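Here is the structure we will look at, set down as structure tokens.
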Amino acid sequence: FGDGDRLTKYLDIKPNYKFFNEKNFNYEGVVFLHDFYDAPREIGLRLFTDFYEWYEFLNYIIKKNDLNFAFKFHPNIKTESKVFNGYLKKNYNCNFLDPKISNLSIYKNKNFKTGISVCGSVLYELLYFRKIPIYLSNNLISPLNIHKLPKNKNEYEKLIINYNKIKINNKMITDMLKIYYMTVN
Numbered sequence: 014f015g016d017g018d019r020l021t022k023y024l025d026i027k028p029n030y031k032f033f034n035e036k037n038f039n040y041e042g043v044v045f046l047h048d049f050y051d052a053p054r055e056i057g058l059r060l061f062t063d064f065y066e067w068y069e070f071l072n073y074i075i076k077k078n079d080l081n082f083a084f085k086f087h088p089n090i091k092t093e094s095k096v097f098n099g100y101l102k103k104n105y106n107c108n109f110l111d112p113k114i115s116n117l118s119i120y121k122n123k124n125f126k127t128g129i130s131v132c133g134s135v136l137y138e139l140l141y142f143r144k145i146p147i148y149l150s151n152n153l154i155s156p157l158n159i160h161k162l163p164k165n166k167n168e169y170e171k172l173i174i175n176y177n178k179i180k181i182n183n184k185m186i187t188d189m190l191k192i193y194y195m196t197v198n
């Protein structure tokens, strides 16, 4: 995936693909947050009212199950979301990643195993690097049936805490690359 990628050309801030070995990164999972002021219904947020409710649920599940996960803010956000992100950092006791850490650095880290997104483009990057993508709604890789779409919050919680039972195979990656190629060309 590169700078000319049609799937990311709408972004004001281009993805950071620079790799650096982040020695302090020891998380097994990362929740790739969406822009909190984006339209959640248009992108398939089904079980939650908005991205804040989704975030609160994930924060609760991570703490309740003592998961070694962190949150990463979306790199391209509206001004309102920047203010809201500051509110979250100040008022929630959870792990927020430094925004300078690139996704590539996360993917290449030996400790990192899974990533969570509602339906973002980060999902096929995760799959490309053989990391387990957990999604909540239909997206470009959901036809690969990596896991079933959760029908309720209880199923979603079980999916998250049992992420290590999800298996990725070469066919899934090959099929994802075909989908990606058809999407960007």
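Residue numbers (the working numbering): 14 to 198. Don't be surprised by glycine CBs; every beta carbon is placed ideally from N, CA and C. Owing to the predicted nature of the structure, the values given are computational and were not obtained by experimental measurement.
Is the beta carbon of Tyr176 less than 8 Å from the beta carbon of Ile154?
In the sequence shown, counting from the first residue as 1, residue 176 sits at position 163. In the sequence shown, counting from the first residue as 1, residue 154 sits at position 141. Going by C-beta atoms, Tyr176 is not nearer than 8 Å to Ile154.
Tell me the residue span of the beta strand (DSSP E) that contains Ser94.
Counting from 1 along the sequence shown, the entry for residue 94 is found at position 81. Segment 92-104 is the alpha helix (DSSP H) holding Ser94; no beta strand (DSSP E) there.
Please classify Glu66 as buried or exposed, where buried requires at least 16 other C-beta atoms within 10 Å of its C-beta.
Walking along the sequence shown from the start, residue 66 turns up at place 53. Classification of Glu66: exposed, given that the 10 Å Cβ count is below 16.
Exposed or buried, what is Tyr40 when buried is set at 16 or more other beta-carbons lying within 10 Å of its beta-carbon?
As a position in the sequence shown, residue 40 is number 27, starting the count at 1. Label assigned to Tyr40: buried.
CA nearest to the CA of Phe70, picked from Phe97, Asn165, Met185:
Numbered from its first residue, the sequence shown carries residue 70 at position 57. Minimum Cα distance to Phe70 is reached at Asn165.
Quick check on the burial criterion: 16 or more other C-beta atoms within 10 angstroms. Buried or exposed for Glu93?
Counted from its first residue, the sequence shown places residue 93 at position 80. Under this definition Glu93 is an exposed residue.
Using the beta-carbon count (16 or more within 10 Å), is Tyr137 buried or exposed?
The residue given as residue 137 occupies position 124 in the sequence shown. Looking at its Cβ environment, which holds 16 or more other Cβ atoms inside 10 Å, Tyr137 is buried.
The region 97-105 contacting the region 114-133, beta-carbon criterion three pairs below 8 Å
no
For the alpha helix (DSSP H) holding Ile74, just list the boundary residues, first then last.
Numbered from its first residue, the sequence shown carries residue 74 at position 61. 64-77 is the span of the alpha helix (DSSP H), which, as asked, contains Ile74.
Nearest to Ile13 by alpha carbon, out of Ile90, Asn72, Gly133?
This structure leaves residue 13 out entirely; the chain is present only between 14 and 198.
Find the nearest neighbour of Leu162 within the set Pro156, Leu149, Glu170, judged by alpha-carbon distance.
For the purposes of this step, residue 162 is taken as residue 149 along the sequence shown, with counting starting at 1. Of the candidates Pro156, Leu149, Glu170, the one whose C-alpha sits nearest the C-alpha of Leu162 is Leu149.
Ser130 versus Lys171, Val43, Lys113, residue with shortest Cα-Cα distance:
As a working note, residue 130 is residue 117 in the sequence shown. Of the candidates Lys171, Val43, Lys113, the one whose C-alpha sits nearest the C-alpha of Ser130 is Val43.
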